Amino acid sequence: MSKANRRPVPGVDIPPRPGQRFGTRFQTLIRTRTLQDLFQRHGRAGEAVFAAAFFALSLLLLILLPWQTQWVPRTKLYVQPAFWPAIALFVMLVFSGGYLVVALGSHRLPGLRAELGAWARAGEFMVWFIAYVWLVPVIGYLLATIAFCCTLSWRMGYRNARWMGLSALFGLAVVALFKGFLGVNIPAGDIYDLLPPGEARSFLMTNF
Numbered sequence: 001m002s003k004a005n006r007r008p009v010p011g012v013d014i015p016p017r018p019g020q021r022f023g024t025r026f027q028t029l030i031r032t033r034t035l036q037d038l039f040q041r042h043g044r045a046g047e048a049v050f051a052a053a054f055f056a057l058s059l060l061l062l063i064l065l066p067w068q069t070q071w072v073p074r075t076k077l078y079v080q081p082a083f084w085p086a087i088a089l090f091v092m093l094v095f096s097g098g099y100l101v102v103a104l105g106s107h108r109l110p111g112l113r114a115e116l117g118a119w120a121r122a123g124e125f126m127v128w129f130i131a132y133v134w135l136v137p138v139i140g141y142l143l144a145t146i147a148f149c150c151t152l153s154w155r156m157g158y159r160n161a162r163w164m165g166l167s168a169l170f171g172l173a174v175v176a177l178f179k180g181f182l183g184v185n186i187p188a189g190d191i192y193d194l195l196p197p198g199e200a201r202s203f204l205m206t207n208f
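12 is the number that full-length UniProt numbering gives to position 12 of the sequence shown; each next residue is one higher, with no gaps.
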């Protein structure tokens, strides 16, 4: 195909401006003013707080590493129990530190209080899950899962009998899938100790 009949490529071939004889190919890809414009970035609200928290977590995990794993004498370096965790935490510390430096040097946008409030609201569901994990050994996997699903549905505003019933059925399906079909070993709840000994009690403790 001749150049005269070739169709322009959108986003690549730029038509000439008034007073310009020819269009400039890849003009948008190489048009920069200064190095400051090239590397300038605008941080989000709360980004510096997140970067500082992530860096502090990385540093804390690296400091606690000697108490969580060990170096075995007369063992090759790459099979040491502490080698790969140390490498992972060191890399995490380096990159989180670089992220913190960049976040502190960025032009931060307003709205930090609203951003932290959104984080706190999201943390509420973490508290619900912790309560669910705490209840499983007490009232059993079945009752705790049904209560957890119904509580989350109620919290999200689905509070009529239809949604409560669907949430309970979903919780029952989850228990049947993980305990019955997949055979996940989850300890039985203390509440089953109140039942009289027999096959029914053993069935509930094994499957629910």
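We put the CB at the ideal spot given by N, CA and C, even for glycine. Remember, it's a predicted structure, so these values are computed and weren't measured experimentally.
- In the three-state scheme derived from DSSP, where H, G and I count as helix and E and B as strand, residue 156 is classed as coil.
- In this structure, DSSP gives residue 207 a helical state, which the three-state scheme calls helix.
- Residue 202 is classed as exposed because its beta carbon has fewer than 16 other beta carbons within 10 Å across all chains shown.
- Counted as a single uninterrupted DSSP element, the stretch harbouring residue 81 is not any alpha helix (DSSP H), since DSSP gives it neither H nor E.
- DSSP places residue 162 in the uninterrupted alpha helix (DSSP H) bounded by 161 to 175.
- The beta-carbon separation of residue 144 and residue 132, rounded to 6 Å, stays under the 8 Å limit for a contact.
- Beta-carbon to beta-carbon, residue 186 and residue 141 are separated by about 5 Å, close enough to satisfy the 8 Å threshold.
- Spatial neighbours of residue 86 in its own chain (CB-CB distance under 7 Å, excluding positions within 5 residues in sequence) are listed in chain order as 65.
- For residue 93, the closest of 58, 164 and 109 by C-alpha to C-alpha distance is 58.
- Here the alpha carbon of residue 180 sits roughly 29 Å from the alpha carbon of residue 155.
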